[in-house]
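Student:
Number of protein chains: 2
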Amino acid sequence: MSDTTPEQIDALARAAARAHEALLATDGAERAGWLRAVADSLDAAVDELVQLADQETALGETRLRGEVARTTGQLRLFGGVAEEGSYLEAVIDHADPAATPPRPDLRRILRPVGPVAVFAASNFPFAFSVAGGDTASALAVGCPVIVKAHPGHPLTSRRTADLVAGALQNAGAPEGTFALVEGYDAGLALVDHPAIAAVSFTGSVAGGRALHDRAAARPTPIPFFGELGSINPVVITRSADESRGDVLAQGLAGSFQLGAGQFCTKPGVVFVPRDSTVAEKLPSLVGQAPHRMLTESIAAGFHRGLEHLSQVPGVTVVAGAEAPDDSAAPVVVRADAATLAEHADTLFDEVFGPLTVLIDYDDEQQVTSALSNLGGSLTGTLHAEDGDDVGDLVAALERISGRVLFQGWPTGVAVTWSQHHGGPYPATTSQHTSVGATAVRRFLRPIAYQDAPASVLPAALREENPLGIPRRVDGVLQP
Amino acid sequence: MSDTTPEQIDALARAAARAHEALLATDGAERAGWLRAVADSLDAAVDELVQLADQETALGETRLRGEVARTTGQLRLFGGVAEEGSYLEAVIDHADPAATPPRPDLRRILRPVGPVAVFAASNFPFAFSVAGGDTASALAVGCPVIVKAHPGHPLTSRRTADLVAGALQNAGAPEGTFALVEGYDAGLALVDHPAIAAVSFTGSVAGGRALHDRAAARPTPIPFFGELGSINPVVITRSADESRGDVLAQGLAGSFQLGAGQFCTKPGVVFVPRDSTVAEKLPSLVGQAPHRMLTESIAAGFHRGLEHLSQVPGVTVVAGAEAPDDSAAPVVVRADAATLAEHADTLFDEVFGPLTVLIDYDDEQQVTSALSNLGGSLTGTLHAEDGDDVGDLVAALERISGRVLFQGWPTGVAVTWSQHHGGPYPATTSQHTSVGATAVRRFLRPIAYQDAPASVLPAALREENPLGIPRRVDGVLQP
């Protein structure tokens, strides 16, 4: 398959626009059925999918099998969200002729925005790719999806797309509900196309920012929901290091080397007290074997980032091995808080891959001060002991992160109602991303109906509540 | 008072950033008290405020007195929203060690984004100005506000700001919670300032789009919530015209001339069946007296827009009187659907002021086709009779509007939980605006807490629900 041509993009976008009209008449239960059909279809093909993806990404069978399960679980979760119906935010305020001025009958609901362009990520060939959270959340609420495939795993993308399209068709979804496109220019053409109503993206700061700016510069700007980059700082208090430094070193070693560090939630900077057990033990827990990276440009970025770091005066590489150009071996870099204060730009520059930066601090005020110079991050982690006075540290982590973890490691993102995978820029360019139930909110817009006859109201807003969904009526929540 | 200097902007933005930190520790009930104190203070000064505003805007005492009441009612409504607490979207998922992978305890809540820059509108010197919906909704959820005053009513703005600042201070709000700035450059400096976390705006397409682009182009982009322009199409079916054309002509005359047409919801284009009673009667219901417009540039825009319209072949001015440069007299312009199809750019270009365009149609397919060429609009209105087949018309209006009205007129926007004042671009640049309870959502960002000890959790997320707010626990809504 070659790159999708401009003519093909145009035809697919128009088909998606037609599908949007048809999808307006569907309800959550119907679409939940489609998502379950897609999930079943992917689960049934798991062996083939994992084999393809392992060839293309070298992420290993165990991880990839788990990722397929996560992906299909996510499709089912979003099906459940669509079915439950509170995502519609149905609100009814009955008329009040006695009010000044008299108040009309007013009913509000969220409706699908229209076709969504989804840019797949390289590092999750299933969960953040063709059938990932963006696709699942958009389809769940009735938005057609056109996925721009990531060039790092084209075969996996095409096979997944075939399965998704087949399952949707068999389940009765309108033609044009789903499509896959390939090629750099195809992605730009999608963002520019008048029929596209929103863009979602997971990837690098440079690529994401360019698309963000492009979406904002259209004659009709459209929202861009991007997850771009994240340092994921970890803070270890002195008492935590003293009481369980060994365990923490092991946990950190596992987290930053997981999947060759190719996670957006990889702990990139770890604040440790001076002369810590964690810093002492960590180098011995670091592997030597190089791991092939997802793409050549990711591998090149890793080597470039490591080179920049090692040129900073005061920075020492305390663990690391040579690796071929297309690979990376785990690396630990170490500096102190004074060096960080002077070279924050380099030390806080995300290196995607198995690398973490240890920062020795003398007092926690150095940590809170350093955190205030860090851009937004998906996560912030604190390891402390009962009795530690952590108020300032927690506040500093809350200020820059979307998820604050205690006694854990940021890799691993549970897919639940309460999850938030986002953070101040550049972690994300928006409040919501592809993980967690509120991901659907990105693809909805409100419509209020004033004094509408029941015959034209969406079912969710009819007096008798035929869908049985949670609503707010005359100001009161009715679950 | 002269324009706010760059140094003053910087000092105010820094003070707002400090206030943001202090506001994080406040709860909804506390802030509701502040908003009520502000509302009481404005109500107590209503005579003085109305007199000032009438001098500056010529909107008349009745309208302005009503607008103050609406403004203070809105402050109290947002206080109630803060107090009720569902806006926090508190979600708790308890740990599930038996899940694969084991699921941590995860709790999610919305937190204030930080200082908000509010650009006041000219046409509502109270409800969309210094103490309007943007200010009320931002303060309600704990975001400091810096208002950029509209130059159309500086005295009203300053006096209102004094009252707001005084009431907040007396009620115990932190220093830096509220400020007013003046001047074009001051507005730009606000949008650029690193401490500003979001911008809200009500005004013209040109001005709003420039600020939208500027907010998106910052090193750290911030969300821009703009309400820009709207045509507010109205469709009258043949049977509605036949059964109550006289009443409809009167309703339309009242709606488009209200406040000299200086409403973002003014009906700008009205589709009437050929040889309609509405078109026949409307000219006789149009006033002759010129009305001083809010600003000279609005008046100039009105005269320019009228000139452009009258130069279109096929367009007739069927009612209208001369008016001095700073004023406008009501105007009705008429064309048919074929002319509209050829000159949609001009005929669908919003003319802010007392002007409406009647479009004679022969069949409803001309109407749906014309609507599909219209950009987004705040409202779309249908006047039909029982038995009319309105499915296509309603669908066409839903596609382009944020509020669909039946048998009413779009001027007049009830402030309720169910209201939505927004629409596809250029009506708004975002899903939510300053009207309706969801206005608060613009100024919030999610944070998830993973395995957090109770001592660091926000009160809303503690197990015992000390605030007594609605939450979702383990997937189930608990109102």
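From first to last, the protein sequence lines are chains A and B. Counting in the working numbering, the first sequence runs from 721 upward without gaps. Counting in the working numbering, the second sequence runs from 721 upward without gaps. Every residue gets a Cβ at the ideal spot worked out from N, C-alpha and C, and that includes glycine. Just so it is clear, the structure is predicted and the values come from calculations on it, not from any experiment.
1) Confirm, please, whether the CB-CB distance from VAL1160(A) to VAL1133(A) is below 8 Å.
2) Kindly indicate if chain B contains any beta-carbon less than 8 Å away from that of HIS932(A).
3) Which chain B residues sit within Cβ distance under 7 Å of LEU1126(A)?
4) Could you spell out where the alpha helix (DSSP H) holding HIS1103(A) opens and where it closes?
5) Would you mind telling me which residues of chain A sit closer than 8 Å to ARG756(B), beta carbon to beta carbon, in chain order?
6) Quick check on the DSSP output: the alpha helix (DSSP H) that includes THR782(A) runs from which residue to which?
7) Could you give the DSSP three-state label for ALA1223(A): helix, strand or coil?
8) Given 8 Å as the limit, is there contact between the segment 991 to 1005 of chain B and the segment 948 to 956 of chain B, that is, 3 or more CB pairs closer than that?
9) Taking any Cβ of chain B, which residues in the segment 1091 to 1124 of chain A have a Cβ under 7 Å from it, in chain order?
10) On the DSSP letters alone, give me the boundaries of the beta strand (DSSP E) that ASP1080(B) sits inside.
11) Need the endpoints of the alpha helix (DSSP H) that ASP1027(B) sits in, please.
12) DSSP state of ALA1009(A), grouped into three classes?
13) Terminal residues of the continuous beta strand (DSSP E) containing ALA1115(A)?
14) Give the secondary structure of PRO726(B) by DSSP, where H, G and I count as helix, E and B as strand, and everything else as coil.
15) In chain order, what residues of the same chain have a beta carbon less than 8 Å from the beta carbon of GLY800(A), not counting five sequence neighbours either side?
16) What are the boundary residues of the beta strand (DSSP E) that includes GLU947(B)?
17) Against chain A, does GLN794(B) count as a neighbour if the rule is that its beta carbon must be under 8 Å from one of theirs?
18) Would you tell me roughly how many angstroms separate the C-alpha atoms of LEU826(A) and ARG1162(B), rounded to the nearest one?
19) Excluding sequence positions up to five away, which residues of its chain have a Cβ less than 8 Å from the Cβ of ARG756(A)?
20) Once you ignore the five residues that flank GLU947(A) on each side, which residues in its own chain have a CB closer than 6 Å to its CB?
21) State yes or no: is the beta carbon of GLN970(B) nearer than 8 Å to at least one beta carbon in chain A?
22) Please confirm if the segment 754 to 771 of chain B is in contact with the segment 864 to 873 of chain B, defined as three or more CB-CB distances below 8 Å between the two stretches.
23) If you drop the 5 nearest sequence neighbours on each side, which residues of the same chain put their C-beta closer than 7 Å to that of LEU1181(B)?
24) Would LEU784(A) and ARG879(A) qualify as a contact pair, given that the criterion is a beta-carbon distance under 8 Å?
25) Please classify SER1092(A): does DSSP put it in a helix, a strand, or coil?
26) So what's VAL1051(B) in DSSP terms, helix, strand or just coil?
27) Going by DSSP, what residue range makes up the alpha helix (DSSP H) through GLN1151(A)?
28) Between the alpha carbons of ALA851(A) and ALA881(A), how many angstroms are there, rounded?
29) In the DSSP assignment, the alpha helix (DSSP H) including ILE879(A) goes from what residue to what residue?
30) Would you mind sorting GLN982(A) into buried or exposed? The rule is 16 or more other CB atoms within 10 Å of its CB.
31) Is there a Cβ from chain A that is less than 8 Å from the Cβ of VAL811(B)?
32) So, does the CB of GLY979(B) fall closer than 8 Å to a CB anywhere in chain A?
33) Quick one, are the C-beta atoms of GLY988(A) and VAL1077(A) less than 8 Å apart?
34) Run through DSSP, which three-state label would PHE844(B) get?
35) Go through the segment 802 to 834 of chain A residue by residue and report every complete run of the beta strand (DSSP E) that reaches 3 residues or more, in order.
36) In angstroms, rounded to a whole number, what distance separates the CA positions of THR1113(A) and LEU743(B)?
Tutor: To lay it out plainly:
1) no
2) yes
3) Note on residue identity: the sequence assigns Phe, not Leu, to residue 1126(A). Correct list: GLN1170, ASP1171, ALA1172 and PRO1173.
4) Where HIS1103(A) is concerned, there is no enclosing alpha helix (DSSP H), although the beta strand (DSSP E) it sits in stretches over 1097 to 1103.
5) Here the premise fails: no neighbours, minimum Cβ distance about 17 Å.
6) 781 to 804
7) Residue 1223(A) falls outside the range modelled here, since chain A spans only 721 to 1199, and no answer is possible.
8) yes
9) VAL1110, VAL1114, GLU1118, GLY1122, ARG1123 and VAL1124
10) 1075 to 1081
11) The amino acid occupying residue 1027(B) in the given sequence is Glu; Asp does not appear at that position. Where GLU1027(B) is concerned, the enclosing alpha helix (DSSP H) stretches over 1016 to 1030.
12) coil
13) Not the beta strand (DSSP E): ALA1115(A) falls in the alpha helix (DSSP H), residues 1111 to 1120.
14) helix
15) ALA752
16) 944 to 947
17) no
18) 22 Å
19) LEU795, ARG796 and GLY799
20) THR922, THR1148 and THR1153
21) no
22) no
23) ALA810, ILE812, ARG827, ILE829 and TYR1169
24) no
25) coil
26) strand
27) Neither: GLN1151(A) is in no alpha helix (DSSP H) and is coded neither H nor E.
28) 8 Å
29) Sequence inspection shows Arg at residue 879(A); the Ile mentioned does not correspond to that position. Unbroken alpha helix (DSSP H) run through ARG879(A): 874 to 891.
30) buried
31) yes
32) no
33) yes
34) coil
35) 810 to 813 and 826 to 832
36) A quick correction: the sequence has Leu, not Thr, at residue 1113(A). When rounded, the distance between both Cα atoms is 18 Å.
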